[in-house]
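A short worksheet on the structure shown next.
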Amino acid sequence: MRTPLVAGNWKMHKTVGEALRLVDALLPLVAGVEGVEVAVAPPFTALHAVGQRLVGTPLRLAGQNMHWEAQGAYTGEVSAAMLAEAGCAYVILGHSERRQLFGETDAGVGRKVAAALAGGLTPVVCVGETLEERDRGAAFEVVERQIRGALGSLGPDVVDRVAVAYEPVWAIGTGRTATAAQAQEVHAFLRQVLGSLGGTERAGRVRLLYGGSVKPYNSAELLGQPDVDGALVGGASLEPETFASIVRFRV
Ligand code: PGA
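Residue numbers (the working numbering): 5 to 255.
This is the structure:
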């Protein structure tokens, strides 16, 4: 019912030349995969060139961030229209690195979600607790606050126009992944919260991605969970064979 989405978040890696070599290597490796949508999120500087290379292919393009305003005096920022013109279908919003290192707030993420949707992009809204929050039993409360902050003021209609990525901060780039049971538990809870925002039918259509040290060896188990509808992959998306074997998680 929900086509899984496997997205590679390249973070601050790859020049234009390196990015093109990566997608050129990746395209034949994922060409025949059915029933999985695949996206890559290069840094801003490589988006246009990669977008051109992906025209006519099933691989989709994503931005890693954007500003909520359409244009203006916002040095260093890009808008939804700029991402869409470069070929993006998706934009990652509220990644924990943006929240932790660059001061993004739940309210700011909410404004970005609205602007992304207005600009024709599908937001991939990231939520996830820190280790300290998990240890004191606050994981559910944190992800609920984050998801309500991102979507709560936008009305029920937006709920099935986004994807959500659950990325426990303690699992990102650490090699320490959530267990499949931990991921499933939070995903099921997130779907309940989405249901309270937009009704169970809409919530049933939302793709909930897991992120945080997804690797070829753990992808089948994680993505085999009933409420895990894909993966947001960081480190393992930088190498074509590794990313392709996550995309081929069913094989
Ligand atoms: P990781 O990153 O796969 O390197 O843990 C995931 C992410 O930050 O999206």
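Glycine included, each C-beta is placed from N, C-alpha and C at the ideal position.
Bear in mind that the values here come from a model prediction, so they are computed numbers and not experimental data.
Report all residues from its chain with a CB closer than 6 Å to the CB of residue i; omit the five preceding and five following residues, and keep chain order.
{"i": "G44", "result": "According to the sequence provided, residue 44 is Val. The question's Gly does not apply to it. These residues qualify, in order along the chain: G12."}
{"i": "A84", "result": "M70, A119, A120, G123 and L125"}
Looking at ligand 1, does it come within less than 7 Å of residue i, judged from the CB to the closest heavy atom?
{"i": "E245", "result": "no"}
{"i": "E225", "result": "no"}
{"i": "N69", "result": "no"}
{"i": "A175", "result": "yes"}
{"i": "A240", "result": "yes"}
{"i": "S157", "result": "no"}
{"i": "S217", "result": "yes"}
{"i": "V237", "result": "yes"}
How many Å lie between residue i and residue j at the Cα?
{"i": "G202", "j": "G21", "result": "43 Å"}
{"i": "A118", "j": "E245", "result": "35 Å"}
{"i": "V251", "j": "V40", "result": "7 Å"}
{"i": "D161", "j": "A207", "result": "11 Å"}
{"i": "V129", "j": "A111", "result": "13 Å"}
{"i": "R180", "j": "Y221", "result": "13 Å"}
{"i": "A90", "j": "R140", "result": "43 Å"}
{"i": "A192", "j": "Q56", "result": "37 Å"}
{"i": "L198", "j": "G80", "result": "33 Å"}
{"i": "P177", "j": "G215", "result": "Per the sequence shown, the amino acid found at residue 177 is Gly instead of Pro. So the alpha carbons of these two residues sit roughly 10 Å apart."}
{"i": "A9", "j": "A224", "result": "For clarity, residue 9 is Leu in the given sequence; the question names Ala instead. Spanning the two alpha carbons is a distance of roughly 13 Å."}
Less than 8 Å separating the beta-carbons of residue i and residue j?
{"i": "V34", "j": "A248", "result": "yes"}
{"i": "A23", "j": "A53", "result": "yes"}
{"i": "E171", "j": "S100", "result": "yes"}
{"i": "T126", "j": "A167", "result": "yes"}
Within a Cβ cutoff of 8 Å, which residues of the same chain sit near residue i, ignoring the five residues on either side of it in sequence?
{"i": "G114", "result": "G153, A154, L155, G156, S157 and L158"}
Unbroken stretches of the alpha helix (DSSP H), 4 residues or longer, contained in the stretch 104-156: 110-122, 135-139 and 143-155
Any beta strand (DSSP E) of 3 or more consecutive residues that is wholly inside the stretch 38-94: Counting whole runs of 3 or more residues, the stretch 38-94 contains the beta strand (DSSP E) stretches 41-45 and 64-67.
Ranges of the beta strand (DSSP E) found wholly within the stretch 183-217, counting only runs of at least 3: 212-215
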